[in-house]
Amino acid sequence: RLTSEINRDDLSRSAQIDLEVFQHHLEEQIWLAEHIPAFEEDPRSYNHYLSGSVYSLLTQSSLPHEENVSNVIARIRQLPEVVAEARRTLTNPPLPVLETSINQNRGVIGFYEKGIYELAGDSPQCTELKKVADDLLVHLRAYQEFLETDLRARARSDWRLGKETFDRKLQFSVNGDITADEVLTRAENEFQRVTDEMYVNARQLWGRYHTGTPLPPDDATGRHETITRVLGAVGREHGEPANLLADARATVEKLKDFIAKNDIVRLPDPDRCELMEMPEFHRGNSLAYIQPAPPLDPENRTIYAISPPPADWDADRVESFLQEYNQHMLQILTIHEAYPGHYVQLAYHNRETSPVRRLLLSGIFIEGWAVYTEQMMLDQGYGGGDLSLRLTQLKFYLRAVANAILDHRMHCTRMSDDEALDFLMNQSFQSEGEAQLKIIRSKQSTVQLSTYFVGRMALYDLRREIQREQGAEFDLGRYHEAVLAHGSLPVKYLGELVRERLRSPR
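Following this line, the structure appears as structure tokens:
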């Protein structure tokens, strides 16, 4: 109907792109509803409504606080209907997805038992808030029992998409011409290249961390040992849990100063990124996350949340967490999540006036930009050539490449959990805890794990093309702003749009 009622030739090129993006989104949603029906097969689909929709009102609404609390109360009153609909609609979800949903719903219950009152503060509406929250808790606890008994009995063990479905879903996500097999081939080649580069860095660092100890032999086993032992030493250079937030703030200021002095990109002004300690019920999986400003409230704050280790972890688990997210990794993570990664990109995105572009975002572009910035910042001199920082960046990037390989193999080649664990720990240099979480994620977030590598690959290809075209006239900051000036579009549109933008004054 869209194509029959809208004459594409009457539209500007920008409007044509909006139409294509909107049409692609509709086709994708229809296909997903027919082939991977989330509300029937994924209990997590309801969790945003049950907790996230309330949490965001208390953390990211620009309305007066008392009005937000009133809206929270009104929203909570509707949530028993969401619980009832979930119980009516859910059929036989994959078991790994259900297990995660069971754990998440425990967190939702904890939020309404305690966390919501910490966010609401000393409000005169707390009595009414407690009444509706307590009523919802009755439904949530019954829903928890439903998940753990009735739905678990119906859950299916086969969670793999299969090659045909995986390839089609990837095509929708990419909105481009690359196939799943082509992604796998490029990822496997890149995996070897990055591993070789890690060895070169680790060999140069060996004397710093293992003075007086002979470098292992230059064969496959010795190279792996060299990288592993140097990464272990780098990991021990970490801060204390109590100082993580202060360390992150110092890192943010250091990054912003470098970006400004080196004209990497013009930073958002005013800066609406607020660094905060991650709520307890969100902790345990990663050090940080970004919660961007709502697309229809773009002048609201973005939250960059940093997680100290959960309070109930023992000393060994805390140390393992701190070694993984050491002082070097904290810098790479902050590049990726905030400056000039997700926060900066999404702040530019929120300047977009087109409703289609404001609301329909390409995950490939978003994750690709964040991964692109990690290497780009170090290439431009951030860190002053510190090889420990470079090795950490390479390790973090290898994780993105490994994600794409794992994603494909788990769903298309029936890779086992043991094979996946060996690949992640013994080839990708990941800790056991991190690898186990990634295996769980691969079973329930199909194709998303590939977006980091696919997006980074596309953005590096684009930059190489345009930099070669412009030669000595290439201006990195101007180029970055041209890339960020069009919302979060599929990368296939960026070539023409960036070239057009670069023909105008900055």
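The C-terminal residue of the sequence shown carries number 507 in our numbering, and the numbering is unbroken. Beta carbons are placed, not taken as given, at the ideal position from N, Cα and C, and that holds for glycine.
- Taking 4 residues as the minimum length, the alpha helix (DSSP H) runs contained wholly in the region 319-406 are 328-338, 343-350, 356-360, 364-380, in order along the chain.
- Assignment of THR128 by DSSP, reduced to helix, strand and coil, places it in the helix class.
- Around the C-beta of ASN93, fewer than 16 other C-beta atoms lie within 10 Å, and the residue is accordingly described as exposed.
- Around ASP476, the same chain offers no residue with a beta carbon nearer than 7 Å, after the five sequence neighbours per side are excluded.
- In this chain, the beta strand (DSSP E) harbouring GLU275 covers 274-278.
- DSSP lists ILE307 as the bridge partner or partners of ALA289.
- In chain order, ARG76 place their CB closer than 8 Å to the CB of SER54, counting only its own chain and leaving out the 5 sequence neighbours on each side.
- At the C-beta level, ILE103 and ARG153 come within 9 Å of one another.
- ALA251 and TYR340 have their alpha carbons spaced roughly 13 Å apart.
- Ranked by Cα distance from ARG267, the first of GLU226, GLY478, GLN105, GLN437 is GLY478.
- Segment contact: the region 362-371 against the region 456-464, three or more CB-CB distances shorter than 8 Å; contact assigned.
- A distance of 9 Å or more separates the beta carbons of ALA306 and GLN328.
- Straight-line measurement puts the Cα of GLY213 at about 19 Å from the Cα of ARG237.
- It is roughly 13 Å from the alpha-carbon of ARG194 to the alpha-carbon of ARG400.
- Residues of the same chain with a CB within less than 8 Å of the CB of ARG9, apart from the 5 flanking positions on each side, are GLN17, LEU20 in chain order.
- Checking the DSSP bridge columns, you'll see PRO95 partnered with ARG157.
- Secondary structure at TRP32: helix, using DSSP grouped into helix, strand and coil.
- DSSP, read as helix, strand or coil, puts HIS487 in coil.
- Short of 7 Å from the beta carbon of LEU498, and not among the five residues preceding or following it, lie these beta carbons of its own chain, in chain order: HIS487.
- Contact check for GLN145 against ILE179 fails: the beta carbons are separated by 9 Å or more.
- DSSP, read as helix, strand or coil, puts GLN431 in coil.
- Its chain contains HIS239 as the residues whose beta carbon lies nearer than 6 Å to that of LEU323, once the 5 sequence neighbours on both sides are disregarded; these appear in chain order.
- Pairing LEU503 with ALA473 gives a Cβ-Cβ distance that is not under 9 Å.
- By the Cβ criterion, the region 68-82 is in contact with the region 120-129, since at least three pairs of Cβ atoms, one from each stretch, lie closer than 8 Å.
- In this chain, the alpha helix (DSSP H) harbouring VAL55 covers 54-60.
- Secondary structure of PHE259 (DSSP, three-state): helix.
- The C-alpha of SER355 lies about 20 Å from the C-alpha of HIS481.
- Bounds of any alpha helix (DSSP H) do not take in ARG504, whose DSSP letter is neither H nor E.
- Between the region 28-38 and the region 261-278, the count of C-beta pairs closer than 8 Å stays below three; the two stretches do not touch.
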